[in-house]
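All the letters of the sequence shown, read from the start, carry residue numbers 5 to 495 under my numbering.
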Amino acid sequence: GLCAGVAFRWTHPAEVSGSSDAVDANNWAHLVCEFLGTYILVFTVGCCLLVGDTAWACTSIACILVAMVYATGHVSGGHLNPAVTFAVALAGNMRWTDAFKYWFIQFLAGLVAAGTDHVLFPYREKLLVPVEPFSAGHAMLVEVIYTFMLCFVFLNCAVSKRNNPLHDGNQFFGLAIGFVLVAAGYAGGSISKAALNPAVAFGLGLNIKNFALPQGILWSLWEMLGATFAAALYFVVRPDEKATSLSFSTYVPMLGTKIASEFIGTFMVVFTLNLSVVLKTPAVAWSSAAALMCMTYSLRGVSGGHFNPAVTLAVVTSGRGKCSQRDGCAYAATQLIAGGIAGLLCAIFRAADPSVDKTSKFVPTHSAGEGYTLLAAGCAEMTFTFVLAYTLLAVATTALPETQRSKQNSHFALSIGSCLTAGGYAIGAVSGAELNPAVSLGLSVQAFSLGALVPYALWQLTGGVLAGAIFRLTHPAEFLEVADKQEQKPS
């Protein structure tokens, strides 16, 4: 407690002095925040890998990142990661001189944290090597893809002007950023350890008993590559970030921008779920729900954040001009393509799994669980796809209550992701809880087996149609507002 009080005086001088100019006058506060946050993050990673509960390690690391991003975000930006700093600098939101200062502090904090772990706990093995039977190539794919996701979510949630209007910044940024580690940890941790952070990579690589500096450098390069992709695609989905103030206020995303948004979001959700299935993790629903939540927070303002043909069908059938039939068709095609590519990529990891008999056909996907009929599985898929689609309609396409002071909606993606968690654990044993035709297609591609793909997709799409129909009954005010606006238009 005493240490916390002293550290707070160093990281939040404006609060101590009572002057809003204190942070500008003491630029070291930014660096102290980055050191403290990065140190605590890397120390927690070391504890989880060495002595922590393996079942909850990824959630533990994600929670400490959420806490530290919220604690330091309004002072230093809450980067706590050289790859994130690199992405922010590439996006033009940070001077390179400041970026170099951040890198020095972050790497220093990582080394000090790793040293603390080494003193307290014995290192029994090298912590930064590909997990057998996977190779360095598999580890590279995981590090690049999920560091991309982490930096992409950071840029969209913590940096984007559209998600952070002047004097009304969002309150979900820390949750979205932190829970990327839930998605990445459970999906890719059994391949590369899912470091996603050069400060973590160097810290884990530079331990005395099992020196692994080459791996630390290699992992860091992969992570910086992921950050580069994140900065590039950030401007693909948010070209308005470079617009003038006048054009920014009137900007409406083009269909191509929306399609890019739907592709990225769908790919990350389907890839996470597929990879979790390949690795037989018990947290398939938890990790895929985290991926859905993070990508929805990031991209809802661009395309609506559907990432699911059944959800798109629900939005189209719900009316109100939220998604035209033309856009809906383009969305669905893009989502299916993204799901197929994600499944094909996961097949590479499946091929490295020795538990799969390479001489026989892969186990069919989309089959009912043992002791259940295909009808039961279909009804379960329809019900929870309805829940998912209806929740999105209710929380992400409706007007905010007039009593809410902020114009920001901070709960929408958490609500949507929670549906996937609920459905996954409620009916996973019955149907697999796919709840998304793009996910079903990705699983088919990954396993090279159609299974009951078509019946599953039909049940899921039926759930989407039902969601659109029921929404009309439960939210009539939404349609009255649309009618009033149409009547006010000049003829």
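Cβ atoms here follow ideal geometry from the backbone N, Cα and C, with glycine treated the same way.
Source: prediction; values computed, not measured.
Alpha-carbon to alpha-carbon, residue j and residue i
i      : j      : result
Ser251 : Asp244 : 8 angstroms
Tyr376 : Val434 : 6 angstroms
Thr401 : His171 : 23 angstroms
Ile352 : Ile263 : 26 angstroms
Ala8   : Met72  : 13 angstroms
Ile212 : Lys105 : In this prediction, Ile212 scores a pLDDT of 43, lower than 50, which makes its location untrustworthy; the coordinate-derived value is nonetheless stated afterwards. One C-alpha to the other measures close to 27 angstroms.
Ile268 : Pro405 : 31 angstroms
Leu6   : Thr15  : 14 angstroms
Ala314 : Thr300 : 15 angstroms
Val306 : Leu54  : 41 angstroms
Ala346 : Ala11  : 44 angstroms
Val27  : Gly77  : In this predicted model, Val27 has a pLDDT of only 44, less than 50, meaning its place in the structure is not dependable; the value taken from the coordinates is given anyway. Going by the C-alpha atoms only, they are around 13 angstroms apart.
Ala234 : Gly308 : 20 angstroms
Gly96  : Leu348 : 34 angstroms
Ser280 : Phe271 : 14 angstroms
Leu237 : Gly230 : 11 angstroms
Thr101 : Ala437 : 48 angstroms
Pro368 : Leu379 : Legend: pLDDT at Pro368 = 43, less than 50; position of this residue unreliable, value from coordinates given subsequently. In a straight line, the C-alpha of Pro368 is about 17 angstroms away from that of Leu379.
Ala103 : Gly427 : 42 angstroms
Leu484 : Val399 : 18 angstroms
Thr363 : Leu179 : Bear in mind that the predicted position of Thr363 carries a pLDDT of just 38, short of 50, making it unreliable; the figure below should be weighed with that in mind. If I take the Cα positions, the gap works out to 44 angstroms.
Phe239 : Ala247 : 11 angstroms
Ser249 : Ala140 : 46 angstroms
Arg13  : Met228 : 33 angstroms
Ala417 : Cys298 : 7 angstroms
Start and end residues, alpha helix (DSSP H) containing residue i
i      : result
Tyr301 : 288 to 307
Pro86  : 86 to 94
Val204 : 202 to 209
Asn278 : 259 to 282
Asp331 : 329 to 355
Arg476 : 457 to 478
Ser448 : 441 to 451
Pro405 : Note, Pro405: premise wrong, no alpha helix (DSSP H); not H, not E.
Cβ distance (whole Å) where residue i is taken to contact residue j below 8 angstroms
i      : j      : result
Val135 : Ser194 : 5 angstroms
Trp463 : Glu385 : 5 angstroms
Gln339 : Glu266 : 6 angstroms
Val79  : His34  : 6 angstroms
Val241 : Thr254 : 18 angstroms between Cβ atoms; not a contact.
Asn174 : Gln412 : 5 angstroms
Ala393 : Gly468 : 5 angstroms
Ile181 : Val157 : 6 angstroms
Gly192 : Ala205 : Not quite, the Cβ-Cβ distance comes to about 14 angstroms (not below 8 angstroms), so this is no contact.
DSSP three-state assignment for residue i, whether helix, strand or coil
i      : result
Gly192 : helix
Ala71  : helix
Gln412 : coil
Ser164 : coil
Gly173 : coil
Tyr376 : coil
Arg99  : coil
Leu229 : helix
Phe563 : Since the first residue of the chain shown is 5 and the last is 495, residue 563 is not available in this structure.
Thr58  : coil
Val315 : helix
Ala18  : helix
Thr321 : helix
Gly41  : helix
Arg13  : helix
Gly114 : helix
Glu482 : helix
Lys246 : helix
Val49  : helix
Leu35  : helix
His83  : coil
Glu385 : helix
Thr285 : coil
Val146 : helix
Phe125 : coil
Ala199 : coil
Q: Report yes or no: do the segment 156 to 163 and the segment 104 to 120 share at least 3 C-beta pairs separated by less than 8 angstroms?
A: The segment 156 to 163 is not in contact with the segment 104 to 120.
Q.
Between the segment 263 to 281 and the segment 441 to 450, can you find at least three pairs of beta-carbon atoms closer than 8 angstroms?
A. Because the criterion of three Cβ pairs below 8 angstroms is met, the segment 441 to 450 and the segment 263 to 281 touch.
Q) Does the segment 470 to 484 touch the segment 307 to 325, meaning 3 or more C-beta pairs lie closer than 8 angstroms? A) Taking 8 angstroms as the limit for Cβ pairs, the verdict is that the segment 470 to 484 does touch the segment 307 to 325.
**Q.** Cβ contact check for the segment 50 to 57 and the segment 144 to 156: 3 or more pairs under 8 angstroms
**A.** The segment 50 to 57, when compared against the segment 144 to 156, does not touch it at the 8 angstroms Cβ threshold.
Q | Stretch-stretch touch, CB-based, cutoff 8 angstroms, three pairs: the segment 177 to 196 with the segment 283 to 301 | A | Counting Cβ pairs under 8 angstroms, three or more are found: they touch.
Q | Cβ contact (3+ pairs, closer than 8 angstroms) linking the segment 28 to 42 and the segment 70 to 89 | A | Under the Cβ criterion (8 angstroms, minimum of three pairs), the segment 28 to 42 counts as touching the segment 70 to 89.
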